[in-house]
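Heads up: the sequence lines are chains A and B, in that order.
Each residue of the first sequence is one higher than the last, beginning at 0 in numbering that gives the first Met the number 0.
Each residue of the second sequence is one higher than the last, beginning at 0 in numbering that gives the first Met the number 0.
Backbone N, C-alpha and C fix where the C-beta goes; we use that ideal spot for every residue, glycine too.
Shown next, in structure tokens, is the structure this report addresses.
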Amino acid sequence: MSADRREVLPTDELTAAERRELIASMRPEDAEEVPELHEVDIPAELREQIEDAMGRYPQLRSASIPALWAVQRNYGWCSPEGIRQAAAVMGVTPGFLSSVATFYDLFRTTPTARNRVLVCHNISCWMNGADELTEAFCEAAGVDPHKADHDGASSADGEVFIKGFECLGACDIAPMAAINDRYYGPLDPGDAATAVEQLRAGAEVLPGRALAGRRAAGGPEGAPDPRVAEAKEGSDA
Amino acid sequence: MPEIRLLFADIDAPDLPTLEGYRRRGGYRALERALRELEPEELLEELEGSGLRGRGGAGFSMGKKGSFLPRGDVEKYLCCNADESEPGTFKDRELIWKNPHQLIEGCVIASLAVGATYAFIFIRGEYSEAADVLDRAIAEAYGAGLLGESILGSGCRVELVVHRGAGAYICGEETALLDSLEGKRGNPRLKPPFPAIQGLYGGPTLINNVETLSNVPHIVANGAGWYRRFGTEQSTGTKVVSVSGCVQRPGNYEIELGIPAREIVYELAGGPPEGRKVKAWFPGGSSAPVLTEAELDLPYSFEAMAEAGSMLGSGAIIVADETVSIPALALRTARFYHHESCGKCTPCREGTNWTVKMLERVVRGEATPMDLDIISSVQENIIGHCLCVLGDSMAMPVGSMVRKFRDEFEQAIEEAGEAAPAPLEVTGDGPGVPVGAGI
Chain A
0 MSADRREVLP TDELTAAERR ELIASMRPED AEEVPELHEV DIPAELREQI EDAMGRYPQL
60 RSASIPALWA VQRNYGWCSP EGIRQAAAVM GVTPGFLSSV ATFYDLFRTT PTARNRVLVC
120 HNISCWMNGA DELTEAFCEA AGVDPHKADH DGASSADGEV FIKGFECLGA CDIAPMAAIN
180 DRYYGPLDPG DAATAVEQLR AGAEVLPGRA LAGRRAAGGP EGAPDPRVAE AKEGSDA
Chain B
0 MPEIRLLFAD IDAPDLPTLE GYRRRGGYRA LERALRELEP EELLEELEGS GLRGRGGAGF
60 SMGKKGSFLP RGDVEKYLCC NADESEPGTF KDRELIWKNP HQLIEGCVIA SLAVGATYAF
120 IFIRGEYSEA ADVLDRAIAE AYGAGLLGES ILGSGCRVEL VVHRGAGAYI CGEETALLDS
180 LEGKRGNPRL KPPFPAIQGL YGGPTLINNV ETLSNVPHIV ANGAGWYRRF GTEQSTGTKV
240 VSVSGCVQRP GNYEIELGIP AREIVYELAG GPPEGRKVKA WFPGGSSAPV LTEAELDLPY
300 SFEAMAEAGS MLGSGAIIVA DETVSIPALA LRTARFYHHE SCGKCTPCRE GTNWTVKMLE
360 RVVRGEATPM DLDIISSVQE NIIGHCLCVL GDSMAMPVGS MVRKFRDEFE QAIEEAGEAA
420 PAPLEVTGDG PGVPVGAGI
């Protein structure tokens, strides 16, 4: 259910009897309808992206996650209006898309600050100082660390959103963070302050600290295994 | 013991992610052989004969899984599981990012083997940089006729679509992955029917991990007999192992299955920082029961890890040294599964919640020794009682930590204090429940 609907029907405060009465009053014809395309004012580019996604799958509902990604790219978050527009293009109810959007951690169903920092707090990063890193990010951004670690928190100037996140799949660069969808690490508390400063200034973030371009770990050099060499000869023949 | 690089051969070559660079190193020759020399049935035999076991966690024979799909004219699907979310695991990320065509070739060959015309790579949404690499490589492959209506003019059709997830560990579970790919919330399904019979859109579906599929071109190019020369009888081939935690050189190392785990942790990854000892280690991601320092001498193989009461899982070794508090580690582990539980099955939804609350009491020093028994019994009541193994994945490691390091838990409780234990709150209509235990 979207936030505005909840304001109209504060069902959380109903007594059991009122709740029963409400349920009894519900009729099939009251069910949420699929919005018509002419009822929504959808940007042409967004519509195109969603239709493009629908064409990639044998069944169009598979496009719901790509459609929500498109909405989030366009509006910065999965806004109720954006969801309604996507629902109109896909021919599904906004409620269906909301149910999907609220399931996944990367979809934001409330607006956040412009730049997003996800700090991994899972075990490998934690053993390497993730809690201190989160605190440093929060101090630099001026947000409450507890809130940031659990639900995420945006800085007062609307520039930086910090959130504790589960394993991002980069324990080789622990402790690490994903900043605007790019991976950085290993980071120390000083890097956190620098990164926040750079985000606020619109500058390049932590040059040289990105995961992109990092070489595989690599063990001690040994003689090449003869079985591997044999395969190569075989395939050349 | 050096690494043995098959999947990781030339892994850092700047041109490897390009079609030209991949072809220069013999890429797509296996696909040509699969198209021109082998019938689908022979392909499946080759894969089964290689002994290749799934690299995503379960370790099931890939060829056998493929042979479960019905033959004949029915719409079938291949799903590559690139949702890699098991804590400690980051091998698929590097395989996709640095050698995307190896995976694409594996997907196409596997699709031909089972007769699938649609193949999907379900990649976790967080890996957007790797997904961009994959998108570029797939566009190249389409351009070169390696994907699409008629692969290399053979008349065989395979379409490959990258599907970006949106952040949910549960989507790595194969039936939740299917629901998510169908556009829904990622809730696991009841099994049977297994996906091989009724999977994506109700059609027979083969689901394999990135690393499993990346092995396929090597097996088809060089033969099952050649592949079996690597590894042990029951764990053939190499494994890309992600090593992290308290080690000096964390990263991915490709090793021959069956070498002592100690060599991976110490010789390759450099062991814990100078002067510290290993206290506990997860051999296969955070879902695997922890092992002790002495168990580092076991061979790193599917069978040896299972015999030791743990599992090779996704092949992610996470090392905790003696500075790490095991109760705090247990709490961190449990919190993850609590967060990721989809909520569909009660034992998992409630069990992960209770476990976190009780471990918080232990760490805060508000627990009683009785709580340790309750923690253990909650774990036992989760295992085997849900549609999928997410709950088990918390119960197994947490249970193992309480069992193997019970003295440390008791010490944590004792040290915390002479502070009086939290009183029992006795209500009129039920047994006493420790305050704060989660009601």
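- Identification of residues in the stretch 152–183 of chain A having a C-beta nearer than 9 angstroms to some C-beta of chain B yields Phe164, Glu165, Cys166, Leu167, Gly168, Ala169, Cys170, Asp171, Ile172, Ala173, Ala177, Asp180, Arg181 and Tyr182, given in sequence order.
- Within 10 angstroms of the beta-carbon of leucine 59(A) lie 16 or more other beta-carbons, which makes it buried.
- The residue from Ala43(A), Glu47(A), Tyr103(A) and Ile82(A) with its alpha-carbon nearest to that of glycine 94(A) is Ile82(A).
- For the pair leucine 205(B) and cysteine 155(B), the CB atoms are not nearer than the 8 angstroms cut-off.
- For cysteine 166(A), the CB contacts under 7 angstroms within the same chain, skipping 5 residues up- and downstream, are Cys119 and Asn121 in chain order.
- The stretch 380–387 of chain B makes contact with the stretch 337–351 of chain B; the number of CB pairs closer than 8 angstroms reaches 3 or more.
- For asparagine 98(B), the nearest beta carbon of chain A is not closer than 8 angstroms to its own beta carbon.
- Contact note: serine 127(B) reaches chain A through Asp180, using a C-beta cutoff of 8 angstroms and chain order.
- It is roughly 15 angstroms from the alpha-carbon of alanine 228(A) to the alpha-carbon of glycine 236(B).
- Annotation for aspartate 14(B): Gly20 place their beta carbon closer than 7 angstroms to its own, counting only its chain and skipping 5 residues before and after.
- Chain-order list of chain B residues neighbouring arginine 226(A): Arg228 and Phe229, by C-beta distance under 7 angstroms.
- Contact between valine 239(B) and glycine 171(B) is ruled out by a C-beta separation of about 17 angstroms, above the 8 angstroms threshold.
- For cysteine 79(B), the closest of Gly224(B), Asn214(B), Ile3(B) and Leu37(B) by C-alpha to C-alpha distance is Asn214(B).
- Not a single C-beta of chain B is nearer than 8 angstroms to the C-beta of tryptophan 76(A).
- The beta-carbon distance between leucine 96(A) and alanine 86(A), rounded to whole angstroms, is 5 angstroms. This is short enough to meet the 8 angstroms contact definition.
- No Cβ-Cβ contact shorter than 8 angstroms links lysine 75(B) with serine 241(B).
- DSSP places serine 63(A) in the helix class (H, G or I) of the three-state scheme.
- Proximity of the stretch 93–109 of chain B to the stretch 127–147 of chain B meets the contact definition, three or more beta-carbon pairs being nearer than 8 angstroms.
- Considered as a whole, the stretch 38–93 of chain B harbours 39–49 and 61–66 as its complete alpha helix (DSSP H) runs of no fewer than 4 residues, in chain order.
- As summarised for the stretch 264–325 of chain B, the continuous beta strand (DSSP E) elements at least 3 residues long and confined to that stretch are 277–281 and 315–320, given in chain order.
- Taking the CA atoms as reference points, proline 326(B) sits about 9 angstroms from arginine 405(B).
- Closest option to glycine 55(B), judged by alpha-carbon separation, among Arg92(B), Gly48(B), Glu45(B) and Gly71(B): Arg92(B).
- Residue pairing for phenylalanine 119(B): DSSP places it in a beta bridge opposite Cys78(B) and Val160(B).
- A residue is called buried when at least 16 other Cβ atoms come within 10 angstroms of its Cβ; alanine 333(B) meets this threshold and is buried.
- The beta carbon of glutamate 158(A) is closer than 7 angstroms to those of Ala112, Arg113, Asn114, Leu198 and Arg199 in its chain, skipping five residues each way along the sequence.
- Three or more Cβ pairs closer than 8 angstroms define a contact, and the stretch 65–78 of chain A meets that threshold against the stretch 38–55 of chain A.
- Ranked by how close their Cα comes to the Cα of glutamate 302(B), the residues Gln233(B), Glu2(B) and Asn221(B) have Gln233(B) in first place.
- Non-local C-beta neighbours of leucine 177(B) in its own chain, meaning closer than 6 angstroms and more than five positions away in sequence, comprise Gly198 and Leu199, ordered along the chain.
- Under the Cβ distance rule, histidine 337(B) does not count among the residues neighbouring chain A, no pair being separated by less than 8 angstroms.
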